[in-house]
Every structure is written in C-alpha cells, then in structure tokens.
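Using the working numbering, read the sequence shown as starting at 220 and increasing by one per residue. Note that beta-carbon positions come from the ideal geometry of N, C-alpha and C, so glycine has one too. Before any comments, here is the structure.
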Amino acid sequence: MIKDPFRAFNTSPKIIGLTVMMYIRLPLSLRDVKDLLHEHGIDVCHDSVRHWWNRFAPMSASEIRMKRSQWIRQSPQWRWHLDEIFVKINGTQHYLRRAVDHEGEVLE
C-alpha cells in the first residue's frame, strides 16, 4: 500500500504541486510565488511555500527528470557522452565518471 504524501496537509495536492512547480521552473523567490498565488485567489504564507518545496521538490524534480529523459531518448538527435577523470584526493587516486547528454544534463 502506497501512502499519500499529501495526507498531512489541508491544502489541495493540486495547489501544492502547482506551487512547487512554479518555484522549481521559474526564477522566483518564495514571496514572488506567494504573490502569484494570491493574485489567483490562493492565500498562503511564503513559509508554507518553503515547507512544501522542501518536502515535495525532490519528488517533483525526479519526476521531471524521468519524463524529460524519456522524451529526449525518443528524439533521433539524442546523444550522450561519458566523462571520465582521475583525481588525487589526500594522496589517493580516485576514478570519477558520469554520463552527460548533449545538453549537459547528468544522466542517472
């Protein structure tokens, strides 16, 4: 059984999702997001926006990343590269690598 992540909140999950997406996608401050919501008749505190962002942003960001990567992989011009490097940290040599797509987004 999957627990509802919004069960502890009195606010609608759609409003929380919209608020988190606005803060993630747009270069706005917490108070700017609060003001935009207030213009649409939704009265929340900027601290509520911060709390929702702290709680739901990782979940939303991973969902966005997953949808974006699925869309990009279907595109014919999608390419990825493997970055590799040897670094020395405190005298010990380490090997680091990461996969990066053609837009510079780190792939999972």
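Whole-Å CB distance - residue i paired with residue j, under 8 Å assumed
i      : j      : result
ILE308 : LEU315 : About 10 Å; that fails the 8 Å criterion.
ALA276 : VAL239 : 6 Å
ARG287 : HIS265 : About 28 Å separates the two Cβ atoms, so there is no contact after all.
Best match in the options for proximity to residue i [C-alpha to C-alpha]
i      : options                        : result
ARG244 : ARG284, ASP262, GLN312, THR230 : ARG284
ARG269 : LEU255, GLN289, ARG287, SER248 : SER248
TRP272 : HIS259, VAL306, PRO224         : PRO224
VAL319 : ARG298, THR311, GLY310, HIS313 : ARG298
GLY296 : GLU322, GLU282, ASP254         : Note on identity: in this sequence residue 296 is Gln, with Gly being the wrong assignment. Selected option, being the one with the closest Cα: GLU322.
ILE234 : LEU255, LYS222, PRO246         : LEU255
PRO232 : SER279, HIS313, GLN312, VAL325 : SER279
ASN229 : HIS257, PRO246, VAL263, HIS259 : VAL263
ALA227 : ILE261, GLY260, ARG274, GLU282 : ARG274
ILE261 : GLN293, PRO246, GLU282, LEU237 : LEU237
Exposed unless 16 or more other CB atoms sit within 10 angstroms - verdict on residue i
i      : result
TYR242 : buried
LEU301 : exposed
VAL306 : exposed
Run of the beta strand (DSSP E) containing residue i, from where it starts to where it stops
i      : result
LEU247 : That residue, LEU247, is in no beta strand (DSSP E); it is neither H nor E in DSSP.
TRP304 : Correcting the residue identity first, residue 304 is Ile in this sequence and not Trp. 299-308 is the extent of the beta strand (DSSP E) around ILE304.
VAL319 : 311-320
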